[in-house]
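Student: Here it is, the structure in full.
In my numbering, the protein residues as written are 205 to 819.
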């Protein structure tokens, strides 16, 4: 009888134990090696940082590190880079600082053996996810890091300054920035800031950095800023984007020189409040393209936050204030190279569309007798920056001119559906002229055309224009805004004028053809019967037709006006036209003499024709 047959077999045979224990040992050994390896890398990474001069001013901290040996990537968690409370060495030229904190930092394609053996960090890509960055700027040319002085002879073992290095890619993802500029009293807040750099090459020399970038792509979701000592008090915008290709930078302590192959930029929802909170500036979108040589803006608005009366309180003398909106503004053919490298403004064309503007002036205030507006030619010639804009076109322009008259009442004039074409805006050719052609409608019914030529060399300009056939009563909204008169009947068949405005006067000729003219004068503080008598006298003295009859010559008059030197060129043109119309209806001695000569000559010609017909 085999007694061993009844003995149970051992469930944990040696073979089975080995099959289970060996993997466990391998896992445990691997874990120990992995964690020790991570610890070694952590030490090496710290040593790599501590070996640089940056570590004398900043300290690097991180909680843990994870490695992927197959990809050669290192993930560092809970990273903080911040200024030391007390620098290990003094660098007086460092005038600004920054602090970075992020949950995760990824280093890709790291030469791990080089890092372990020599504490040198050689890698191809850095990614920083959702960092918080704080910048404290205390100079117009901020310097954050130390660099080796050219006179410094480094002893063996001294910490290294930032040397040349190459990085294939750098990514900053959804960062937040808090910027304090103590010099200019500014504070900025940036949300979801993203930046991607490709082929970054930094070559550091004594006191100078040479930087090359193949491509940079930058964007942010929202920007808000407070500018305490600037004309703009509050600034905000969203969806800001910039792209640059082939960027070369050369930076030293006081100079930044740069070049690039292409550049595009865009921003949406710009919102600006001026320092005094009086005006509000908005813009829907802005786009710039270096290669296309264009800048395009949409839905610009410049409007006051308060009433005209509140704004006018800030001015002792008469002051013209502007506000309005622009549907689109396209600046085409921009020479960005001339602007960047030579500080010159060269533009082919500026296009404005859907312009709505408002002008207000309080004439109850005294005029500033020390204010002498110059003509447009002298304004442009006086610009210090070299400038040449070939053409500016404005379409669908509507303008409201509002004035508070000396008696306190309000006068309004509406100019609608206007177009303007300005050519040759330059301060580089004093012998040339600035050309302006415009067409508009007064009171939405009376079409007016105007052409101007401004001299750059002398304070003068020539003007010519006209008004098409219209009913005189259509002008009543404008006339009654400034005078106690109105047309009760009549038609303007033609108005043509031309003249030259000098610095203190203007002169020219005007032809005002009309028929069935009747006016009504209602003078303030006058009895009704007196106004009626004056109106009757005026209609009796004024000729109701020009020409008086079909065989009479047209009244074409000369005009001459003195310029109000405290007002601009528009006032000269208006005074000239009004004076010419008045001369047509009630001629001066000189015009009457010329008209009588023309009338006699017309009669002689008529008799010659009559005699010839009889013969």
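Cβ coordinates follow ideal geometry from the N, Cα and C atoms, glycine included. The model shown is predicted, which means the values in this text are computed figures rather than measured ones.
Give me the Cβ distance between residue 724 and residue 689, rounded to the nearest whole Å; I'm assuming they're in contact under 8 Å.
Tutor: Going by Cβ atoms, the distance from residue 724 to residue 689 rounds to 7 Å, so yes, they are a contact pair.
Student: Using only alpha-carbon positions, find the residue among 750, 313, 460, 407 that is nearest to residue 331.
Tutor: It is 313.
Student: Can we say the region 605-623 touches the region 657-666, given the rule of at least three CB pairs closer than 8 Å?
Tutor: They do not touch, by the three-pair rule.
Student: Hey, quick one: how far does the beta strand (DSSP E) through residue 649 stretch, first residue to last?
Tutor: Careful: residue 649 lies outside any beta strand (DSSP E) and carries neither H nor E.
Student: Helix, strand or coil for residue 800, going by three-state DSSP, please let me know.
Tutor: Residue 800 falls in the helix class under three-state DSSP.
Student: Helix, strand or coil: which one does DSSP assign to residue 768?
Tutor: Residue 768 falls in the coil class under three-state DSSP.
Student: Using 7 Å as the threshold, is the C-beta distance between residue 149 and residue 486 below it?
Tutor: Shown here, the chain extends from 205 to 819; a query on residue 149 therefore has no answer.
Student: In chain order, which beta strand (DSSP E) runs of at least 3 residues are fully inside the region 411-453?
Tutor: With a minimum length of 3 residues, the continuous beta strand (DSSP E) runs that stay inside the region 411-453 are 412-431.
Student: Within its chain, find whatever has a CB closer than 6 Å to the CB of residue 642; leave out the 5 residues flanking it on each side and keep chain order.
Tutor: Taken in chain order, the residues that qualify are 624, 654.
Student: Indicate the three-state DSSP secondary structure (helix, strand or coil) for residue 295 in the structure shown.
Tutor: Here residue 295 sits in coil by DSSP.
Student: Where DSSP assigns a beta bridge to residue 285, which residues make up the other side?
Tutor: BP columns for residue 285 point to 264, 304.
Student: Within a Cβ cutoff of 6 Å, which residues of the same chain sit near residue 442, ignoring the five residues on either side of it in sequence?
Tutor: Excluding positions up to five away in sequence, the list reads 426, 472, 473.
Student: How would you call residue 317, buried or exposed, if buried means at least 16 neighbouring beta carbons within 10 angstroms?
Tutor: Exposed: under 16 other Cβ atoms inside 10 Å.
Student: Going by beta-carbon coordinates alone, are residue 842 and residue 340 separated by less than 7 Å?
Tutor: Only positions 205 to 819 of the chain appear in this structure, which leaves residue 842 out of reach.
Student: Tell me the residue span of the alpha helix (DSSP H) that contains residue 582.
Tutor: Note, residue 582: alpha helix (DSSP H), 580-585.
Student: Less than 6 Å between C-beta atoms, sequence neighbours within five positions excluded: which residues of the same chain meet that for residue 644?
Tutor: Same-chain partners within the cutoff: 619, 622, 652.
Student: For residue 402 and residue 777, I'd like the C-alpha separation in whole angstroms.
Tutor: Rounded to whole angstroms, residue 402 to residue 777 spans 60 Å at the Cα level.
Student: Helix, strand or coil for residue 589 per DSSP?
Tutor: DSSP places residue 589 in coil when its eight states are reduced to three.
Student: Looking at the structure shown, is residue 671 part of a helix, part of a strand, or coil, going by DSSP?
Tutor: Strand.
Student: Work out the CA separation of residue 580 and residue 808 for me, nearest whole Å.
Tutor: Whole-angstrom Cα-Cα distance: 47 Å.
Student: Which residue or residues does DSSP assign as beta-bridge partners of residue 280?
Tutor: DSSP lists 269, 309 as partners of residue 280.
Student: What first and last residue would you give for the beta strand (DSSP E) that runs through residue 474?
Tutor: Start and end: 466-478.
Student: One question on the structure: do residue 350 and residue 261 come within less than 7 Å of each other, judged by their Cβ atoms?
Tutor: Yes, Cβ-Cβ distance for residue 350 and residue 261 is below 7 Å.
Student: Span of the alpha helix (DSSP H) holding residue 569?
Tutor: Looking at the DSSP string, residue 569 is not in any alpha helix (DSSP H), and its letter there is neither H nor E.
Student: Residue 470: which of 489, 463, 629, 462 sits nearest, CA to CA?
Tutor: If we check each option's Cα against that of residue 470, 489 comes out closest.
Student: Can you tell me whether DSSP reads residue 508 as helix, strand or coil?
Tutor: Residue state, collapsed to three classes: strand.
Student: How close, in whole Å, do the beta carbons of residue 416 and residue 424 come, if the pair is a contact with beta carbons under 8 Å?
Tutor: Wrong, their Cβ atoms sit about 24 Å apart, outside the cutoff.
Student: Below 7 Å between beta carbons: does that hold for residue 594 and residue 552?
Tutor: Going by C-beta atoms, residue 594 is nearer than 7 Å to residue 552.
Student: Could you say which of 708, 793, 545, 785 lies nearest to residue 772 if we only look at CA atoms?
Tutor: The option with the nearest alpha carbon to residue 772 is 708.
Student: According to DSSP, is residue 518 helix, strand or coil?
Tutor: Three-state DSSP puts residue 518 in coil, outside helix and strand.
Student: Beta carbon of residue 280, beta carbon of residue 266: below 7 Å?
Tutor: Going by C-beta atoms, residue 280 is nearer than 7 Å to residue 266.
Student: In whole angstroms, what separates the C-alpha of residue 675 from that of residue 799?
Tutor: Between residue 675 and residue 799, the C-alpha separation is close to 26 Å.
Student: From residue 582 to residue 525, what does the alpha carbon distance come to, in whole angstroms?
Tutor: Going by the C-alpha atoms only, they are around 21 Å apart.
Student: Using CA coordinates, which residue listed in 439, 495, 505 is at the minimum distance from residue 539?
Tutor: Ranking the options by Cα distance to residue 539, first place goes to 495.
Student: Measure the C-alpha to C-alpha separation of residue 397 and residue 377 and round it to an integer number of angstroms.
Tutor: Each residue's Cα considered, the two are about 7 Å apart.
Student: Rounded to the nearest angstrom, what separates residue 343 and residue 337 at their Cα positions?
Tutor: Taking the straight line from one Cα to the other gives about 18 Å.
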